[in-house]
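Sequence lines, in order, name chains H and G. First residue of the first sequence: 1, per the UniProt record's numbering; consecutive thereafter. First residue of the second sequence: 1, per the UniProt record's numbering; consecutive thereafter. Following: one structure in C-alpha cells, then a few remarks.
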Amino acid sequence: MANTNCLRCLARPAFPSPNILNATTRAGMGIQRRAASKLAKPSNTQGRKNEKVKGQKTLRIKKKAPVKTGKPPAPGERKAMRKRIVLSNTNALEVEGLRELDSKMLGEWEESVVRELQAGEDDLVMQGALGLLEGEGGEAKGEAKVVGKVVALMGSTVDSLRAVEAFKTTQGWGLFRRPGLLIREESVALSKKLILSEEGGVLRLVIDGERGTGKSLLLLHAMATAFVRGWVVVNIPEAQEVTNAMNDYAPLPGTTPTLYSQPSYTATWLSQINKANLALLSEMELTLTHNLPIPLQSNISLSRLCELGARDPDVAWPVFQAFWAELMAEGRPPVLLSLDGLSNVMRESAYRAPDVSLVHAHDLAIVNHFVGYLSGEKELVNGGAVLAATNRSHAPRSKSLDLMLTQLLEAQVGEEEITEKDPFEKGYDSRVEWALGVKEAEASVEADVEGVETASSPSSVKEVKKEENVEAAVEKVQTVPGPVEVLKLKGLSKVEARGLMEYWAKSGVLRKTVNEQEVAEKWALAGKGVVAEIERGALRMRI
Amino acid sequence: MVFILGNNFLENRLLKHCLETFYGIGTKHSTRILAKFSIFPGARVGQLPTKTINDITAELSTMTIETDLRRKMRDNIQRLRDMGSYRGRRHAMGLPVRGQRTRSQILTARKLNRTDRAN
C-alpha cells in the first residue's frame, strides 16, 4: 500500500490531490507509469456524482394530488357506457335509394324459392347449406340484384333487434346514419331456408367461420328476417354470460341428472323476449293450463305471462317453461331460437355442483333447453329454426365442437373419408358429441342421398309441378330431420365487397373513389375479403 | 349489516371474501361452502336470503375454525415442546423449525414461532 504522505518531508498535503489519489489507489505493477499518464491529463472523475452528502440540498418535487373534477361515475355507469350501442350517426350522409329489408323483399325471395322448387331444384334443399350455396352460383335470379347491396333495417325490426341484444359493441353501427346490412349470397340462402322452414321442417344450423367473417351479423340477419316474417325470436345474445358463473343459480328439484336454473338471468331473458316480440305476444292468449307457483288468470296474453316471470326471478324458470309450452301449442307462429358463442356452451361451465365438481354447461337449464332443440332431441312443432354461431375471437376452444363441425361439414359435402378423433388427444367431450350427433348425421346424410334420388325421380317432380299452391309445394320437399347443418362463412366476394364499399362511400365514411383497383386492394389485404378486416382497413385505420 | 357466525359484514361485500376473513377458511373452503349451497362466486352478502345465511352459519359452526383452530395449533406446538423434541425447542426459542439456515433472514420465525403462537 502506497502512502499518501510525502516520504521525504513526512508532511501531509492539506488537500490530497485527486491525481495522487488516483495514482495511489491503484495497486500492483506499473503504478508509476499510470500515475504519470494520469498526471498528464486532467482527471474527469471528480468523485461520484450521485453520492449523497450529508446536509446537501436535493431537489424534491412533491407529487400533486390529482385534481378532482366532477363526481366519479355512479355504480353501473361505466358498464352502461361500455355496453352502449349507438345505431345512428347524424354526421354520416343519408344514402339515397336504400332498400329496406321488409316483407316485400322477403316475399321476392319466397317466390324465388317456390320457382326453384318448381324447376326441380329441390335437391338443393336436401343438401344442406353448402349445397344450396353451390346451386346458387350461376343461376341466382330475382335476388341477384340484391346480393352485394346494403339494405336498411326497418324501425320496428331495429327496436326488436336491440331488445334481443343482437347488435354488439364491436360492430360499426355507430358510423352510419341508420343500421343497414350487406346482403351476401349466404344471407339470401339462409333467408330462403328460413322461409322454407316455416312450414314445419326445422332448420338447425351452426354458423362457423374465421374471425371477422360476419357470423354474428348473419345471425342478426336471420333474426331480422324472422322479425319481418312474424316469428317469435328467442335469442341468447352471449353464451358466455350464461356459463361464466356471474349469475345466481339453483338446482331444479326432481331432475336427474340435476339441472340448474338461473333465476335472475331467466327473468331478464323473459323481459327481453317480451320486449322484442311485444306485438306478437300481446295478441296471443293462454290456451293451456299451467301449474305455476303463482296464481295465473286463464285469459292473459303471453306478453303478460312473460312480464310476470320477469318480475319475480324465483318463478322465472317455471314461467319460461309455461311460455315455451304455449309457443309449442298448435297454431302458434314459428320460433327462431338462436345463440351466439356456441363453444361456451359446449364445455363445462364455471358453476359448481354441491360436490364442488364443475357443472357441465348442458346441465344448465337454459343451455339444456337450447341444446335439446339444436341436437334435434326436441322438435319445434310449429316450424322455425335453431341457429348457433361460433365465436372465434374471444371464446374458449372446444375440441369436440371443432371436431364435430369438421365432421359435419365433410359429411355435408359428401367426402368419403371423415376426419376421426385424434386417439392421442385428451379433452374430448362426449356430451358435445352426443349433442351435435355425428353418428346421426352420417346416417341421415345417407338418408339425404336417398331423398335426393327420390325427389329427382320423375314422379315427385310431377307431383311438385301439379301443386299450384305454394305452401303445398314447400311442404313436399322438407329437409329430412337429422344433422345439424354447418355453414362455413368465408370472406366476401369482390362484388359484395364493392357493394359494401360503395355504401360506405355514399355514407361519406369512406372518402375515396371506389373503383376496381381500390376494391381489389382492400379485398386482398383483408385476407380474401374477410369483412371485418376490410372495414378495419378502409374505415378504422384511415390515416 | 349481515351477521355470520358472530361477525357483522357490510351488505355489499362478497360472501366469498367474508368467509375468507375467518381464521382457517381460505379459497378452498370458501369455494366448497359456496358450492354446497349453490351460491355463485359473485354473490354479495346482502343478496342472500336469511335462510341461506343461517345455513352457512350452521355449516361454519361445525368446522374447526377461529379459536378452535388456534387452540388446536397451540396444543400441537405444546405437545412438541412437552416431548422435548427439537421442533418443540426451536418453537420455544423462536427459531426456524425446519432446518433453515439462521445466518441472515429468520424474521418470520422470530415473529411466529413461539409456544403460545397466536396465528
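We put the CB at the ideal spot given by N, CA and C, even for glycine.
For residue i and residue j, which I take to be in contact (beta-carbon distance under 8 angstroms), what is that distance rounded to the nearest angstrom?
i                      : j                      : result
residue 487 of chain H : residue 205 of chain H : 6 angstroms
residue 262 of chain H : residue 364 of chain H : 7 angstroms
residue 214 of chain H : residue 496 of chain H : Wrong, their Cβ atoms sit about 10 angstroms apart, outside the cutoff.
residue 64 of chain G  : residue 24 of chain G  : 7 angstroms
residue 288 of chain H : residue 329 of chain H : 6 angstroms
residue 343 of chain H : residue 396 of chain H : 6 angstroms
residue 114 of chain G : residue 94 of chain G  : 6 angstroms
residue 391 of chain H : residue 340 of chain H : 7 angstroms
Considering just the uninterrupted stretch of the beta strand (DSSP E) at residue i, what are its terminal residues?
i                      : result
residue 360 of chain H : 358–360
residue 2 of chain G   : 2–4
residue 22 of chain G  : From DSSP, residue 22 of chain G is part of no beta strand (DSSP E); its letter is neither H nor E.
residue 515 of chain H : Unbroken run through residue 515 of chain H: none, as it is neither H nor E.
residue 113 of chain G : Careful: residue 113 of chain G lies outside any beta strand (DSSP E) and carries neither H nor E.
residue 8 of chain G   : 7–9
Considering just the uninterrupted stretch of the alpha helix (DSSP H) at residue i, what are its terminal residues?
i                      : result
residue 484 of chain H : Counting along the chain, residue 484 of chain H falls outside any alpha helix (DSSP H), and DSSP gives it neither H nor E.
residue 148 of chain H : Premise fails: residue 148 of chain H is in no alpha helix (DSSP H) and is neither H nor E.
residue 429 of chain H : Counting along the chain, residue 429 of chain H falls outside any alpha helix (DSSP H), and DSSP gives it neither H nor E.
residue 496 of chain H : 494–507
residue 298 of chain H : Premise fails: residue 298 of chain H is in no alpha helix (DSSP H) and is neither H nor E.
residue 323 of chain H : 313–327
residue 89 of chain G  : 86–93
residue 29 of chain G  : 27–36
residue 331 of chain H : From DSSP, residue 331 of chain H is part of no alpha helix (DSSP H); its letter is neither H nor E.
residue 91 of chain H  : No alpha helix (DSSP H) holds residue 91 of chain H; DSSP gives it neither H nor E.
residue 544 of chain H : Only positions 1 to 543 of chain H appear in the structure, and residue 544 of chain H is not among them; the question remains open.
residue 74 of chain G  : 66–83
residue 61 of chain G  : 50–62
residue 82 of chain H  : 77–82
residue 97 of chain G  : Residue 97 of chain G -> no alpha helix (DSSP H), and no H or E assigned at all.
residue 534 of chain H : 531–535
Spatial neighbours of residue i within its chain, please: C-beta separation below 6 angstroms, excluding the five flanking residues on both sides.
i                      : result
residue 13 of chain G  : 45
residue 346 of chain H : 398, 401 and 432
residue 88 of chain G  : 80 and 81
residue 225 of chain H : 191 and 194
residue 15 of chain G  : 43 and 45
residue 235 of chain H : 164 and 338
residue 371 of chain H : 362 and 435
residue 245 of chain H : 350 and 351
Looking only at its own chain, which residues have a Cβ that is under 7 angstroms from the Cβ of residue i, when we skip the five neighbours before and after it?
i                      : result
residue 230 of chain H : 280 and 333
residue 61 of chain G  : 5
residue 251 of chain H : 258 and 260
residue 296 of chain H : 290
residue 425 of chain H : 399
residue 17 of chain G  : none
residue 459 of chain H : With a pLDDT of 36 at residue 459 of chain H, under the threshold of 50, the predicted position of this residue should be treated as unreliable, though the coordinate-derived value follows. Nothing listed; no residue qualifies.
residue 530 of chain H : 210, 212, 213 and 491
residue 37 of chain G  : 52, 55 and 56
residue 86 of chain H  : 173 and 174
residue 35 of chain G  : none
residue 78 of chain G  : 115
Quick one: what's got a C-beta closer than 8 angstroms to residue i's C-beta in the same chain, skipping five residues either side?
i                      : result
residue 501 of chain H : 510, 514, 518, 519, 522, 534 and 538
residue 123 of chain G : Since the displayed chain G opens at 1 and closes at 119, residue 123 of chain G lies outside it and no answer follows.
residue 540 of chain H : 172
residue 72 of chain G  : 64
residue 154 of chain H : 100, 101, 102 and 228
residue 100 of chain G : 106 and 109
residue 82 of chain H  : 169
residue 20 of chain G  : 26, 27 and 30
residue 314 of chain H : 263 and 293
- Unbroken stretches of the beta strand (DSSP E), 3 residues or longer, contained in the segment 341–414 of chain H: 348–352, 358–360 and 384–389
- Which runs of the alpha helix (DSSP H), 4 residues or longer, sit entirely within the segment 227–279 of chain H? 239–243 and 263–276
- Item | alpha helix (DSSP H) segments (min. 4 residues) lying fully within the segment 163–219 of chain H | 185–196
- Item | Contact set between the segment 263–280 of chain H and chain G, restricted to residues whose Cβ is under 8 angstroms from the partner | none
- For the segment 19–34 of chain G, which residues have a CB atom closer than 8 angstroms to at least one CB atom of chain H, in sequence order? Listed in sequence order: 31, 32 and 34.
- Item | Interfacial residues, the segment 335–368 of chain H to chain G, with Cβ spacing under 9 angstroms | Per Cβ criterion, the list reads 350, 351, 352, 353, 354, 355, 356 and 357.
- Got a sec: which bits of the segment 31–62 of chain G sit with their beta carbon under 9 angstroms from any beta carbon on chain H, in order along the chain? 31, 32, 34, 35, 36, 37, 38, 39, 40, 41, 42, 43 and 47
- Task: Determine which residues of the segment 242–257 of chain H have a Cβ less than 9 angstroms from any Cβ of chain G, and write them out in chain order.
- Result: 245, 246, 247, 248, 249, 250 and 251
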